[in-house]
Every structure is written in C-alpha cells, then in structure tokens.
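A short write-up of the structure that comes next.
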Amino acid sequence: EAQVTQNPRYLITVTGKKLTVTCSQNMNHEYMSWYRQDPGLGLRQIYYSMNVEVTDKGDVPEGYKVSRKEKRNFPLILESPSPNQTSLYFCASSAPGSATDTQYFGPGTRLTVL
Amino acid sequence: GESVGLHLPTLSVQEGDNSIINCAYSNSASDYFIWYKQESGKGPQFIIDIRSNMDKRQGQRVTVLLNKTVKHLSLQIAATQPGDSAVYFCAEIRTYKYIFGTGTRLKVLA
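Protein sequence lines, in the order shown, are assigned to chains H and E. First residue of the first sequence: 89, per our numbering; consecutive thereafter. First residue of the second sequence: 71, per our numbering; consecutive thereafter.
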C-alpha cells in the first residue's frame, strides 16, 4: 500500500530536549516536505526536499533541521525544542513533473513541548 | 508576506445542495493550485488540482474554477453529502513551495 508514515504519532517533551520525528514514504517520490499546522494558521511549510541531499527552507524553518540521506526518508529534527513548536506536524511526498504530482500526506505527529 | 486566504471560515449547507468554497491568492506567479480535504484526525487529502494555464477543471462531483484576473479560486461540490463534512484548504504552488490557505470548515446539515 502506497503510504507516508510518521513516527511518533504523539510526543510530549520538555524544552531543550532534542528530538527527531521520522518520515518515510514507499512511493519512490523525489519530493518530500514538512508542515506544521496550527489553529487559525492552516498548514505552513517548514522545509522541503527535491531529492537526496537537496533541501530548502519553506516559510517557517527557524528552529528546525532536516536531512535527506535516502530517498525514502526525511526526518525532522528539533535540536532545542521550545513551547512555540507545540503543533501538529505533517510530512508529505510527491513526484513533481508526473501526471498527477499531488502530495500524499502522512497521518500527522502531535508534538507538545512543555 | 504573501498568503493564500479564504473568504469564509465556516460554511453550512443542506445535504443535497451544492457547496462553493472560495479562496483568494495574492501572487500571480503561481504554477499550480490544489484543493485538499482534511477530516478530523487525518492528514490532508488531495481533491482536485488545476494548472495556472487553465480556467476550469472537473472531477467527480467537484469542479475547480480559476480566475486569474481577480486571483480567485473556487471549489464547487455538487450534491453535498454528509461525508463531505471536513475542512477544505486551497494550496498555491510556486516553484515547489506550497502555500496553504487557513481553511474553510464545511458542515453538511441533514
């Protein structure tokens, strides 16, 4: 089954404790992206990656890092989480240039930073 | 900064009626627009897309209209059903950057 998986689905942590949210897709997509979703603000793009070893900032990259060492994986790293990073995070992947380059979204990771 | 916005945060329609959800965008350089549906507790799901060189595109029970003159995008859902209840987002894509609107909640009344 074609899918995007994220782990963990729920996470409660404390300020300053480094964490990683993993994202994996099995569709051989070149493009992957991370978003955060906050009430009243919709989805905002954090980082995206056009392919392995190619990443770029979205609209809200501050406080986040990403890496793309393999095509299928695109982890989101919070080196020193802060309470304002409490949010719902979505990973997505797509194949730009294909007939339907729609993004497929993962189920989301709800992060709470105390 | 530039953003994609929606006219109405909540839209209530009677079951069987047609729904129209609107979206305004501010940058005429966008390549591509997508409508997504998000149900409670789930990630956004693709509904329909339209390229910037098109005015209209139809899918199953859905139609997207693009008016580049006034920078306006709309999603029309025919014969709205209870399963259409969700939050709908428009997204504007510019050189692989996705910019989402804040969303409209569609409530279908029985």
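Note that CB positions come from ideal geometry on N, CA and C, so glycine has one too.
{"Query": "Members of the segment 100-116 of chain E that neighbour chain B once the beta carbon cut-off is set at 9 Å", "Result": "No chain B appears in this structure, whose protein chains are H and E."}
{"Query": "Residue-chain proximity (E:Thr172, chain H), Cβ-Cβ < 7 Å", "Result": "yes"}
{"Query": "Which of helix, strand or coil DSSP assigns to E:His77", "Result": "With a pLDDT of only 44 at E:His77, under the threshold of 50, the placement of this residue in the model should not be trusted; the figure read from the coordinates follows. Three-state result, E:His77: coil."}
{"Query": "Validate contact between the segment 86-99 of chain E and the segment 144-162 of chain E using beta carbons, cut 8 Å, 3 pairs", "Result": "yes"}
{"Query": "Rounded separation between E:Arg131 and E:His142 - CA only", "Result": "20 Å"}
{"Query": "Residue from H:Val201, H:Val142 and H:Gly104 with nearest C-alpha to H:Ser121", "Result": "H:Val142"}
{"Query": "CA nearest to the CA of E:Ser96, picked from E:Tyr106, E:Asp119 and E:Glu162", "Result": "E:Glu162"}
{"Query": "E:Tyr168 at chain H interface by Cβ criterion, 7 Å", "Result": "yes"}
{"Query": "Cβ-based contacts, 8 Å cut-off: residues of the segment 115-141 of chain E near chain H", "Result": "Gln115, Phe116 and Asp119"}
{"Query": "H:Asn161 (DSSP reduced to helix, strand or coil)", "Result": "strand"}
{"Query": "Inter-residue Cα distance where the pair is H:Cys205 and H:Phe193", "Result": "The question about residue 205 of chain H has no answer here: the residues shown for chain H are numbered 89 through 202."}
{"Query": "Within the segment 109-136 of chain H, ranges of the beta strand (DSSP E) (whole runs, at least 3 residues)", "Result": "119-126"}
{"Query": "is_contact[H:Phe193, chain E] using C-beta, thresh 7 Å", "Result": "yes"}
{"Query": "Local Cβ density within 10 Å of E:Lys107, reported as buried at 16 or more and exposed below that", "Result": "buried"}
{"Query": "Cβ-Cβ distance between H:Thr174 and H:Val148 below 7 Å", "Result": "no"}
{"Query": "Alpha carbon of H:Arg160 to alpha carbon of E:Arg127, nearest angstrom", "Result": "32 Å"}
{"Query": "Chain E contact for H:Phe178 (CB, 7 Å cutoff)", "Result": "yes"}
{"Query": "Inter-residue spacing [alpha-carbon to alpha-carbon] between H:Glu150 and H:Glu89", "Result": "34 Å"}
{"Query": "Where E:Ile169 falls, given that 16 or more other Cβ within 10 Å makes a residue buried", "Result": "buried"}
{"Query": "Other residues of its chain near H:Ser170: CB distance less than 7 Å, five sequence neighbours each side excluded", "Result": "Thr103, Gly151 and Val201"}
{"Query": "The beta strand (DSSP E) enclosing E:Arg164, as first and last residue numbers", "Result": "Ala156 to Arg164"}
{"Query": "Beta-carbon proximity of E:Arg164 to E:Ser100, cut-off 7 Å", "Result": "yes"}
{"Query": "Collapsed DSSP secondary structure at E:Asn88 in the structure displayed", "Result": "coil"}
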